[in-house]
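Numbering (numbering that gives the first Met the number 0), first residue to last: 0 to 64.
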Amino acid sequence: MLAPIFNELPRFLNWIGEIVTHTGLYGTGESGFISISLIQSSLVFWWAFIRPMFVLTLITLFVAM
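Take a look at the structure:
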C-alpha cells in the first residue's frame, strides 16, 4: 500500500514534525507549540464560519469514545 510513496516517507515524516514543532502554518513560523489562545480563537472561528463541520467533528469524537 505504501510502495508508490515509500521513497517520500522521510520527507512526509519531516513535514509532520515541522507542523507539530512550529507555530506557523504548514510547519513555518517560530519554533514552539501552538498556544492556548490560538486554539481558542481557532475554535471560535470554526464555530462561527464552519459550524456544520465543527458539529460533525464533535459528534465523531463523541461516538469514537
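We put the beta carbon where it would ideally sit given N, CA and C, even for glycine.
(request) Tell me whether the beta-carbon of THR22 lies closer than 7 angstroms to the beta-carbon of GLY16. (result) Here residue 22 corresponds to residue number 23 of the sequence shown, with the count starting at 1. Here residue 16 corresponds to residue number 17 of the sequence shown, with the count starting at 1. No, Cβ-Cβ distance for THR22 and GLY16 is not below 7 angstroms.
(message) Rounding to the nearest angstrom, what Cα-Cα distance links ILE10 and ILE4 in this structure?
(response) To locate residue 10, count along the sequence shown from 1; it is residue 11. To locate residue 4, count along the sequence shown from 1; it is residue 5. Checking the sequence shown, residue 10 turns out to be Arg, not Ile. Cα-Cα distance, rounded: 10 angstroms.
(message) Can you find the residues in the same chain that come closer than 7 angstroms, C-beta to C-beta, to TRP14, ignoring five residues on each side of it along the sequence?
(response) By 1-based counting over the sequence shown, the position of residue 14 is 15. Counting only Cβ-Cβ distances below 7 angstroms, and skipping sequence neighbours, we find GLY26.
(request) Determine the extent of the alpha helix (DSSP H) in which GLY16 is found, giving its start and end residues. (result) As a position in the sequence shown, residue 16 is number 17, starting the count at 1. It spans 8 to 20 - the alpha helix (DSSP H) in which GLY16 sits, taken as one unbroken run.
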